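Structure, as structure tokens:
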Amino acid sequence: MNEVAPRPLLLTAEIVQEILRGRTRVTLDLGLSETTITLEGGAVIFPDGSRVKLEALHRILKRPNVVFMLIDSEPRPLSLTNDHFYKLVPTKGAPTLEIDGVRMHRTKGTTPEKDAWEKVRVLGVRGGRVLEIGTGLGYTTQATLNAGAEVILSLELSPAVLKIARLNPWSRRIFTDERVHLILGDAYQVLPSLRSGFFDYILHDPPRFSLAGHLYGSAFYAQLFRVLRPEGRLFHYVGEPGARYRGRNVRRGVINRLRRTGFTRILYHREVRGITCMKPNL
Ligand SMILES: C[S@@+](CC[C@H](N)C(=O)[O-])C[C@H]1O[C@@H](n2cnc3c(N)ncnc32)[C@H](O)[C@@H]1O
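Residue numbers (my numbering): 130 to 411.
This is how it looks when you write it as structure tokens:
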């Protein structure tokens, strides 16, 4: 599971604008580092030797919400289609992932990596064993590593998501840090096989309620409660404040079900649209 793809050369409309202005030190990994390119005879020569005509770069300018990857000297959108449509989208910081047009990270007034760090901060991770539901691009996984997690088991349903993560320079560490264990599967199916009381923290970062209702239900919460150790803590992303599903307030429903499951110290954190709570030591 933990293997990384070769480093792709990535372009966005913003980077192309810089190239067309004549800049030759640019980022080809979405802002993490800079590389030198050569402008020559109406084309750009990239560090891997690929030669791309300026006309081809002009096409990128028309699609500011797409990350492009150079494949055989041809810029191609970094997207995948199976039953769903997955696309990497540039932001001011780390890129976000859209699944069927729905963003998997908050980008308004924040960046995906800042939001991930805030989630881990409110969870209060200090060392310990972490279970994560929804690997996505691995930003919360990496924030958890930065907070000193000793081991993190991260569950992701979609192979396409992990394929995109492998091509995203901002996700690299989840494939290289040996403390991270990635499992491909439905968390709902995987959780019953995990050991009781094993985890110090759970970071539950599911898609919104309307897309993954079973990850917000009492049966799933009973499993989260079981695998957490006494005094272990849970963070649960619940979506936009006031979000409703079939006329019911999602956050209120989550809080009621967590309380009925046995969780205590239930707190809503507006800044990260999530709830923290604790398994009591009875
Ligand atoms: C909001 S994103 C997670 C973002 C991630 N924590 C990050 O920092 O990039 C939710 C993720 O949960 C995954 N997912 C959806 N249903 C799932 C399930 N039943 N089990 C595990 N993962 C699931 C989605 O494919 C998606 O990648």
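Glycine is no exception: its CB is placed at the ideal position from the N, C-alpha and C atoms. Just so you know, these numbers come straight off a predicted model, no measurement behind them.
When the Cβ atoms of the stretch 302-309 are set against those of the stretch 322-341, are three or more pairs found closer than 8 angstroms? no
Going by beta carbon distance, what residues of the same chain come within less than 8 angstroms of ILE312, once the five residues before and after it are set aside? MET130, LEU282, SER283, LEU284, GLU285, VAL319
ASP177 burial status per 10 Å Cβ neighbour count (16 or more: buried): exposed
Distance, PHE364 Cα to ASN378 Cα: 19 angstroms
Is it the case that the Cβ atoms of LEU157 and THR164 are separated by a distance below 8 angstroms? yes
Start-to-end residues for the beta strand (DSSP E) that takes in PRO206: 203-206
Going residue by residue through the stretch 337-363, where are the continuous alpha helix (DSSP H) segments of at least 4 residues, counting only ones entirely within it? 347-356
ASP306 in three-state terms, based on DSSP: coil
Applying the criterion that 16 or more other CB atoms from any shown protein chain within 10 Å of the CB defines a buried residue, is LEU252 buried or exposed? buried
Of the choices LEU183, PRO204, TYR330, ARG302, whose alpha-carbon is the least far from that of LEU138? PRO204
Less than 8 angstroms separating the beta-carbons of LEU186 and LEU149? yes
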